[in-house]
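The block underneath contains the structure these notes are about, expressed in structure tokens.
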Amino acid sequence: MIELNDDYEDLEDFFEMYGISTASPGFYDDLNFTRLEQMIPNFLEYYAAFVLKKSFSPDYLQESEEKIFKISKILHKELIRDGRQGACIDLSLVLSRILDLENVWNYITKGSVTIEFPPDSNISKKYFWSVYYGQFKAGHVWVVAPPFKIVDLTIHQQPYKMNEEKYIPDIILQKEASISDMQLSDIISPEVMQQLNIKAGRDHLKILNSINPRLIPFYDFFEVDNFISGETKFKYTPFGITASDQPLKNITSLKLNGIYGLEIYNDLIKGKL
Numbered sequence: 001m002i003e004l005n006d007d008y009e010d011l012e013d014f015f016e017m018y019g020i021s022t023a024s025p026g027f028y029d030d031l032n033f034t035r036l037e038q039m040i041p042n043f044l045e046y047y048a049a050f051v052l053k054k055s056f057s058p059d060y061l062q063e064s065e066e067k068i069f070k071i072s073k074i075l076h077k078e079l080i081r082d083g084r085q086g087a088c089i090d091l092s093l094v095l096s097r098i099l100d101l102e103n104v105w106n107y108i109t110k111g112s113v114t115i116e117f118p119p120d121s122n123i124s125k126k127y128f129w130s131v132y133y134g135q136f137k138a139g140h141v142w143v144v145a146p147p148f149k150i151v152d153l154t155i156h157q158q159p160y161k162m163n164e165e166k167y168i169p170d171i172i173l174q175k176e177a178s179i180s181d182m183q184l185s186d187i188i189s190p191e192v193m194q195q196l197n198i199k200a201g202r203d204h205l206k207i208l209n210s211i212n213p214r215l216i217p218f219y220d221f222f223e224v225d226n227f228i229s230g231e232t233k234f235k236y237t238p239f240g241i242t243a244s245d246q247p248l249k250n251i252t253s254l255k256l257n258g259i260y261g262l263e264i265y266n267d268l269i270k271g272k273l
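When we follow this note's numbering, the leftmost residue of the sequence shown carries the number 1, and every step to the right adds one.
See below:
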């Protein structure tokens with residue numbers, strides 16, 4: 001079996017061995033890919049690894065950056081106009097599908113976000129945990145699309161209670177980030193830490209193994225990204241990779257100002273790229 005840390009060529013050969021064409025973004029829709037995904041639950045991680053390891057020309061990166069910027073601005077404008085909060089999953093699914101249609105390589109990350117606010121804000125750290133009250137789910141969801149490490153259109157539009165949004169950018173399009181080790185306190189809520197009797201100093205690997213053995217090789221490959229915007233510090237900790245199992249025309253979980261993702265793409269985005 002292929003490993004996440006294997007070379008790009010090895011990943012490419014592996015996919016092709018199973019009859020999966022890697023020529024275009026979104027090849028996770030290939031029937032041979034979906035068959036393997038049914039047998040290997042984390043198989044989407046290999047798609048993400050393929051995107052991260054792929055070499056891109058300067059022309060591609062410039063064109064993709066311009067497309068991502070324009071698409072993000074339009075989607076965010078519609079999100080604000082609609083007023084919906086907490087749409088990280090649905091908007092990321094639509095964004096990713098639009099990028100696929102525009103031949104922009106990308107994947108969706110589900111994970112945790114930790115926000116440290118400026119000292120004079122008097123706002124405590126904000127955590128979007130992935131393991132919360134015994135539930136293993138996405139604390140937050142964002143898109144990775146080279147040259148951007150993080151494309152997050154919804155972190156500002158969350159149901160905050162302390163005016164946290166004042167210190168958070170409208171849109172996060174982050175190309176540079178410092179790397180740090182995964183911290184359990186960023187992905188597991190204090191209540192669950194207590195329930196699982198997780199104490200400071202315990203072996204992280206053993207704890208991860210008890211939650212999901214797959215997390216050990218996952219964190220050997222996928223990085224924790226840190227950056228500062230203004231005086232606010234952000235930490236994005238991945239917890240898994242996801243994707244829509246439906247084409248854009250069938251995604252109805254996101255409806256902004258009365259129209260779905262495909263209409264947003266056709267009517268508001270496509271002609272401006």
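For glycine and all other residues, C-beta sits at the position ideal for the given N, C-alpha and C.
All values derive from a computational prediction rather than experimental measurement.
- Item | Beta-carbon proximity list for S180, same chain, < 6 Å, skipping 5 on both sides | V224, N226
- Below 8 Å between beta carbons: does that hold for K233 and V113? no
- Message: I need the boundaries of the beta strand (DSSP E) containing N226, first residue and last residue.
- Response: 224 to 229
- Task: Using the Cα positions of N32 and P118, report the straight-line distance between them to the nearest angstrom.
- Result: 49 Å
- Alpha carbon to alpha carbon, how far is K77 from D186? 30 Å
- Query: By DSSP, does G271 sit in helix, in strand, or in coil?
  - Reply: helix
- Message: By the three-class DSSP mapping on this structure, what secondary structure does Q174 have?
- Response: strand
- Message: Between Y133, L11, H140, which has its C-alpha nearest E45's C-alpha?
- Response: L11
- Message: Here's a check: name, in chain order, each residue in its chain whose Cβ is nearer than 6 Å to the Cβ of G139, leaving out the five neighbours to either side.
- Response: S112, F128, W129, S130
- Just the C-alpha distance for I123 and L254, rounded to the nearest angstrom, thanks. 31 Å
- Task: Measure the CB-CB distance between V144 and I150 and report whether it falls below 8 Å.
- Result: yes
- So the beta strand (DSSP E) T154 belongs to, where does it begin and stop? Counting along the chain, T154 falls outside any beta strand (DSSP E), and DSSP gives it neither H nor E.
- Task: Could you tell me which residues DSSP pairs with A145 in its beta bridges?
- Result: F148
- Reduced DSSP category for E165 - H, G, I as helix; E, B as strand; rest coil: helix
- With DSSP as the reference, label F234 as helix, strand or coil. strand
- Item | Backbone CA spacing between I89 and Y132 [nearest angstrom] | 17 Å
- Message: Check this for me: beta carbons of W105 and P146, under 8 Å apart or not?
- Response: yes
- Query: Given D30, which residues of its chain have a CB within under 7 Å of its CB, disregarding the five upstream and five downstream residues?
  - Reply: I20, S21
- Message: Using C-beta distances below 6 Å, list every residue in its chain close to G261, excluding the 5 sequence neighbours before and after it, in chain order.
- Response: V94, L248, I251, L254
- Item | Test item: CB-CB of A48 and T154 under 8 Å | no
- E3: first and last residue of the uninterrupted beta strand (DSSP E) it sits in: First-last for E3: undefined, no H or E at that position.
- Item | Residue environment, M39, which counts as buried when at least 16 other CB atoms sit within 10 Å | exposed
- Message: Looking at I98: is its Cβ nearer than 8 Å to the Cβ of I241?
- Response: no
- Between the stretch 212 to 221 and the stretch 161 to 175, do three or more beta carbon pairs fall short of 8 Å? no
- Message: My assumption, with CB atoms under 8 Å, is that V269 sits in contact with I68. Please give the rounded CB distance.
- Response: Per the sequence shown, the amino acid found at residue 269 is Ile instead of Val. With 8 Å as the limit, I269 and I68 do not qualify as a contact, their Cβ atoms being about 12 Å apart.
- Compare the Cα-Cα distances from E231 to each of L91, D170, I115 and report the closest residue. I115
- Query: What residue from G271, P169, L208, N257 has the CA that sits closest to M182's CA?
  - Reply: L208
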